[in-house]
Amino acid sequence: GYLLQGGLGMPDREYYLSTDPDMVKTRDAYKTYIAALLKQAGTADADSRAKAVFDLELQIARAHASVIDSQNIHKANNPWPVADFGKQAPGIDWPAFLDAAGLSGQRTLVAWQPEATRKLSALVASQPLQAWKDYLRFHAINHSASLLPKAYADLRFGFYGTQLTGATQQRDRWKRALSATDGALGDAIGQLYVKQYFPAESKAQAEEMVANIVAAFRDGVDDLAWMTPETKAKAKGLKVGV
2 GYLLQGGLGM
12 PDREYYLSTD
22 PDMVKTRDAY
32 KTYIAALLKQ
42 AGTADADSRA
52 KAVFDLELQI
62 ARAHASVIDS
72 QNIHKANNPW
82 PVADFGKQAP
92 GIDWPAFLDA
102 AGLSGQRTLV
112 AWQPEATRKL
122 SALVASQPLQ
132 AWKDYLRFHA
142 INHSASLLPK
152 AYADLRFGFY
162 GTQLTGATQQ
172 RDRWKRALSA
182 TDGALGDAIG
192 QLYVKQYFPA
202 ESKAQAEEMV
212 ANIVAAFRDG
222 VDDLAWMTPE
232 TKAKAKGLKV
242 GV
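See the structure below:
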């Protein structure tokens with residue numbers, strides 16, 4: 002398994018650190034969004050708590066490895082025995098963290114960005130507990146905002162849809178609900194759909210089409226002059242999935 006840096010509400014560290022005017026504009030919009038979402042949820046002192054959330058994310062962003070460093074696989078080969086995490090990156094209660102993540106049975110994890118992991122773990126111990134509580138409160142609401150009443154969904158779309166991607170119109174709620182359901186239960190929904198709306202004749206036609214595709218594939222193998230007879234036999238014996 003791999004352990005990667007995370008914890009940001011915007012795409013990457015540059016959104017927090019860059020002085021580019023567009024980045025500054027997006028950063029200001031994100032600060033406004035944090036406060037608006039907390040207010041919508043009835044959070045007391047939302048403005049000051051939103052500032053604490055952003056300030057904590059800024060510290061997280063400063064701890065992150067850059068995108069370029071993160072893409073360098075030669076820097077990523079850092080297998081850490083799970084038993085050593087407390088020494089490698091003190092600050093987090095690693096046994097509790099890994100248990101909550103369902104990873105308590107792992108003996109080794111690869112720390113993809115080891116220095117970032119150390120810095121992020123240290124932040125857990127050094128930053129005020131109330132800031133972490135407000136951070137987790139915001140992200141819990143933010144994560145589910147598109148599933149909550151319209152006011153929450155509209156706020157989220159205003160930032161993640163319009164500000165970040167330039168989208169001007171949110172999809173209808175029923176379409177978003179359908180996509181969410183399909184994403185979570187795709188295979189199960191597909192089976193129900195086939196059972197109710199896919200007649201036996203259509204299934205037979207689909208199976209015939211697949212059989213024809215497989216036959217064409219195997220005939221094509223025979224025409225490959227560069228392939229040895231033994232390899233052709235193996236290729237035609239492969240199970241073809243469509």
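Numbering (the working numbering), first residue to last: 2 to 243.
Backbone N, C-alpha and C fix where the C-beta goes; we use that ideal spot for every residue, glycine too.
Counting only the same chain and skipping the five closest in sequence on each side, list residues whose C-beta sits under 7 angstroms from that of residue i.
i      : result
Ala42  : Ile142
Asp13  : Val68
Ser80  : In the sequence as presented, Ser is not what sits at residue 80; that position holds Pro. Excluding positions up to five away in sequence, the list reads Thr109, Val111.
Ala290 : Any question about residue 290 goes unanswered here, given that the chain covers just 2 to 243.
Trp95  : Phe86, Gly87
Residue i by DSSP, collapsed to three states: which one?
i      : result
Thr44  : coil
Thr166 : helix
Ala216 : helix
Ala141 : helix
Pro96  : helix
Trp227 : coil
Gly91  : Note that residue 91 is Pro in the sequence shown here, rather than Gly. Note: Pro91 maps to coil in three-state DSSP.
Thr33  : helix
Leu179 : helix
Ala53  : helix
Ala112 : strand
Leu104 : coil
Pro200 : coil
Drop a sphere of 10 angstroms on the beta-carbon of residue i, count the other beta-carbons inside from all chains shown, and report buried for 16 or more, exposed for fewer.
i      : result
Asp135 : buried
Thr182 : exposed
Met210 : exposed
Gly10  : buried
Thr27  : buried
Arg174 : exposed
Arg50  : buried
Ser203 : exposed
Tyr31  : buried
Ala66  : buried
Going straight from the alpha carbon of residue i to that of residue j, what length do you get?
i      : j      : result
Leu110 : Ala90  : 13 angstroms
Gly162 : Gly87  : 39 angstroms
Asp23  : Gln107 : 42 angstroms
Ala207 : Arg172 : 32 angstroms
Val215 : Asp188 : 24 angstroms
Asn78  : Trp113 : 7 angstroms
Leu121 : Leu38  : 25 angstroms
Pro115 : Leu5   : 9 angstroms
Ala47  : Leu130 : 17 angstroms
Leu156 : His75  : 41 angstroms
Ser180 : His144 : 16 angstroms
Phe160 : Phe98  : 30 angstroms
Ala201 : Ile190 : 18 angstroms
Asp224 : Leu18  : 58 angstroms
Gly184 : Tyr194 : 15 angstroms
Arg63  : Asp29  : 18 angstroms
Asn213 : Phe199 : 20 angstroms
Which residues in the same chain have their Cβ closer than 8 angstroms to the Cβ of residue i, if we skip the five residues on either side of it in sequence?
i      : result
Ala226 : none
Ala152 : Gln41
Thr169 : Thr163
Thr118 : Leu4, Gln6, Gln89, Ala90, Ala112
Ala205 : none
Ala146 : Leu38, Tyr153, Ala154, Leu156, Arg157
Gly8   : Glu58, Ile61, Leu121
His140 : Gly10
Pro82  : Arg108, Thr109
Within the same chain, show all residues whose beta-carbon is closer than 6 angstroms to that of residue i, passing over the 5 residues directly before and after it, in chain order.
i      : result
Val222 : Lys233, Ala236, Lys237
Gly2   : Gln107, Leu110
Val125 : Gly92, Ile93
Tyr34  : Phe160
Arg219 : Lys237
Check the Cβ-Cβ distances between residue i and every residue of chain B, and say whether any is below 9 angstroms.
i      : result
Phe139 : Going by chain labels, chain B is absent from the structure shown, which holds only one protein chain.
Below 8 angstroms, how does it come out for the segment 47 to 57 and the segment 100 to 109: are there three or more Cβ pairs, yes or no? The answer is no - the segment 100 to 109 does not touch the segment 47 to 57, with fewer than three Cβ pairs under 8 angstroms.
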